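Asks: Residue numbers for the sequence shown follow the numbering used here, beginning at 25 and rising by one.
Below is one structure. I have some questions about it.
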Amino acid sequence: MPNNIIAEDKIVDVIAEIELTQALIKLKFSNTDSLINQTKLFNEVYAKHNTSQEQFNNSLAFYAQEPKKMDTLYAKVITKLSEKQAENQ
């Protein structure tokens with residue numbers, strides 16, 4: 025795996041948090057500020073995980089070369105999101 029690719033376990037965390045952020049944006053921001061807020065929120069996710077949008081996008085492209093790998097990653101994302109949902113109920 026190339027050096028600039030986010031490790032599988034870490035990218036699962038980033039994808040899960042991006043999905044949660046997208047849901048938050050859909051719920052909270054319906055005005056013209058949404059693009060600004062979206063960019064800010066995504067940048068906060070990348071910073072929290074010590075990565076960048078470019079590295080995240082490059083990593084997704086790398087993993088997408090193997091559809092079975094992407095399926096496995098997204099299955100882990102769904103599991104992680106389900107666990108978070110269960111914690112919040």
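Positions of the beta carbon are idealized from the N, C-alpha and C atoms, including for glycine.
Model, not experiment: these values are computed from the prediction.
What number of angstroms, rounded off, separates the C-alpha of phenylalanine 66 from the C-alpha of asparagine 82?
Replies: One C-alpha to the other measures close to 16 Å.
Asks: Using the C-alpha atoms, what's the distance from lysine 64 back to threonine 75?
Replies: One C-alpha to the other measures close to 14 Å.
Asks: With DSSP collapsed to three states, give me the class of proline 91.
Replies: Three-state DSSP puts proline 91 in a helix.
Asks: Thinking C-beta only, is isoleucine 42 closer than 7 Å to valine 69?
Replies: Result yes, Cβ atoms of valine 69 and isoleucine 42 sit closer than 7 Å.
Asks: If you reduce the DSSP assignment to three classes, tell me which class threonine 75 lands in.
Replies: Here threonine 75 sits in coil by DSSP.
Asks: Note down, in chain order, each residue of its chain lying with its Cβ closer than 6 Å to the Cβ of glutamine 62, except the 5 sequence neighbours on either side.
Replies: Answer for glutamine 62: Ile49, listed in chain order.
Asks: Please report the straight-line C-alpha distance between alanine 40 and tyrosine 87, rounded to a whole angstrom.
Replies: Answer to the nearest angstrom: the Cα atoms are 16 Å apart.
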